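Visitor: Before we start, here is the structure in question, set down as structure tokens.
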Amino acid sequence: AEATAARREAALTKPAGALGRLEDMSRWRCAWQGRHPPRLERAMVCVFAANHGVAKQGVSAFPAEVTRQMVANFRAGGAAINQLCRAMGAGLRIFEMDLDRPTEDFTVGPAMTERDFTEAFAVGLGAVDAGTDILGLGEMGIANTTAAAALCHALFGGEAAQWTGPGTGVEGPGLARKAEVVARAVARNGVRGGDPLEALRAVGGREMVAIAGAVTGARLARVPVLLDGYVCTAAAAALARAAPGALDHCRVAHVSAEPGHRMLLARLETSPLLDLGMRLGEGTGAALALSLLKGAVACHEGMATFAEAGVSGKSESD
């Protein structure tokens with residue numbers, strides 16, 4: 008399928024490579040869907056929501072109750088992700104990850120037991136419909152940028168402050184305290200440079216584990232994936248560290264304004280599709296990136312070839 012896409016791309020009425028990454032997107036989707044032309048009839052965005060025990064450390068500008076309140080807003084259709092999914096013609100599924108039972112405060116021990124981890128992973132694994140053409144992943148969880156920073160610090164090293172950003176708007180002394188919490192959590196759990204999935208269990212969150220499960224489920228079902236921002240990419244990064252090539256079926260939809268996200272993309276040696284200064288989460292970047300995929304498919308399928316249009320191709324002298 009990928010070879011067929013490449014042959015058609017070369018014959019379309021444009022200079023070779025003129026559509027840049029749109030061409031890559033077409034070939035990528037053909038390869039993972041195993042068909043040419045690629046489909047984009049059934050797009051789905053899954054948002055996983057969970058609460059974090061580390062929120063009691065004062066690492067967020069908002070209280071933990073906001074997670075549940077935002078889930079209610081998602082279900083009522085009032086959030087940004089609802090509007091973007093509607094505009095892009097995508098379905099939206101919301102998964103509440105045991106909101107009444109936050110993870111443990113990972114500054115004093117692991118965030119999750121092994122049972123917590125496997126149950127959350129199974130939710131993500133089961134969220135993938137094999138009939139989906141493209142899957143966007145997102146999250147909601149007060150204090151989860153702290154978890155993302157801790158996980159990246161554990162997986163990739165560096166200084167905790169480098170991975171720690173404002174999240175919901177933490178600044179000044181609050182931001183310094185947040186970075187100190189990240190450093191303390193990784194040191195307390197002894198996960199720096201160790202097993203990536205153990206790091207995800209120790210300093211991650213249920214929604215992050217579910218995202219890793221959904222990425223795995225999509226791989227098994229050959230469904231291409233759009234990862235949202237910092238938290239989502241951090242969760243997937245644990246898989247990349249565990250098995251090189253584990254994210255080949257994924258593209259990062261956008262780079263978040265969270266400073267750690269750009270560093271993370273550099274470590275993963277990947278580039279985002281969009282750079283809009285967003286840091287909302289909810290899968291909003293993934294939903295927006297669907298517009299690029301729609302454009303890529305429209306050009307790949309709808310453009311005439313040189314032969315069909317009667318346009319002269321590249322000459323030998325060129």
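Residues in the sequence shown are numbered from 8 upward in steps of one, following the working numbering. A virtual CB, placed ideally from N, CA and C, is assigned to each residue, including glycine. All values derive from a computational prediction rather than experimental measurement.
In or out: Gly96 buried (at least 16 other Cβ within 10 Å) or exposed?
Guide: Residue mapping note: residue 96 aligns to position 89 of the sequence shown, counting from 1. By the 10 Å Cβ count, Gly96 comes out exposed.
Visitor: When you compare each of Gly290, Met270 and Glu9 to Gln169 by their alpha carbons, which one comes out closest?
Guide: The residue you call residue 169 lines up with position 162 of the sequence shown. Residue Met270 is the option with its Cα nearest to Gln169.
Visitor: For Glu7, count neighbouring C-beta atoms within 10 Å of its own C-beta (all shown protein chains included) and say buried if the count is 16 or more, exposed if not.
Guide: Look at the range of the chain in this structure, 8 to 325, and you will see that residue 7 is not part of it.
Visitor: What's the C-alpha gap between Gly320 and Ala18?
Guide: As a position in the sequence shown, residue 320 is number 313, starting the count at 1. As a position in the sequence shown, residue 18 is number 11, starting the count at 1. Each residue's alpha carbon lies about 8 Å from the other.
Visitor: Does Gln40 pass the burial test, meaning 16 or more other C-beta atoms within 10 Å, or should it be called exposed?
Guide: Position 33 of the sequence shown holds residue 40. Flag for Gln40 reads buried.
Visitor: When you compare each of Gly133, Ala134, Arg34 and Leu204 to Pro117 by their alpha carbons, which one comes out closest?
Guide: Working through the sequence shown from its first residue, we reach residue 117 at position 110. Comparing Cα-Cα distances from Pro117 to each of Gly133, Ala134, Arg34 and Leu204, the minimum goes to Leu204.
Visitor: Closer than 6 Å by C-beta to Thr171: which residues in its own chain qualify, once you throw out the five before and the five after it? Chain order, please.
Guide: Translated into the one-based positions of the sequence shown, residue 171 becomes position 164. Around Thr171: Ala156, Lys185, Ala186 and Val189.
Visitor: Out of curiosity, what's the CA-to-CA distance linking Leu283 and Gly27?
Guide: The residue given as residue 283 occupies position 276 in the sequence shown. The residue given as residue 27 occupies position 20 in the sequence shown. Distance between the alpha carbons of Leu283 and Gly27: 19 Å.
Visitor: So the beta strand (DSSP E) Ile101 belongs to, where does it begin and stop?
Guide: Counted from its first residue, the sequence shown places residue 101 at position 94. Run containing Ile101: Gly98 to Glu103, per the beta strand (DSSP E) assignment.
Visitor: Rounded to whole angstroms, what is the Cα-Cα separation between Thr110 and Gly211?
Guide: The residue you call residue 110 lines up with position 103 of the sequence shown. The residue you call residue 211 lines up with position 204 of the sequence shown. Rounded to the nearest angstrom, the two C-alpha atoms are 9 Å apart.
Visitor: Report the rounded CA-to-CA distance for Val304 versus Ala293, giving the unit in angstroms.
Guide: Residue numbering aside, residue 304 sits at position 297 when the sequence shown is read from its first letter. Residue numbering aside, residue 293 sits at position 286 when the sequence shown is read from its first letter. Going from the Cα of Val304 to the Cα of Ala293 covers about 17 Å.
Visitor: With distances taken Cα to Cα, identify the nearest neighbour of Gly143 among Met51, Leu47, Ala12 and Phe124.
Guide: In the sequence shown, residue 143 corresponds to position 136, counting from 1. Closest by alpha carbon: Met51.
Visitor: Relative to the alpha-carbon of Thr11, which residue among Trp35, Ala86 and Leu29 has its alpha-carbon at the smallest distance?
Guide: Within the sequence shown, the letter at position 4 stands for residue 11. Taking only the C-alpha atoms, the option nearest Thr11 is Trp35.
Visitor: Helix, strand or coil for Arg258 per DSSP?
Guide: Here the question's residue 258 lines up with position 251 in the sequence shown. The answer is strand: DSSP assigns Arg258 an E or B state.
Visitor: Roughly how many whole angstroms lie between the Cα atoms of Ala249 and Thr20?
Guide: Position 242 of the sequence shown, counted from the first residue, corresponds to residue 249. Position 13 of the sequence shown, counted from the first residue, corresponds to residue 20. For Ala249 and Thr20, the distance between alpha carbons rounds to 42 Å.
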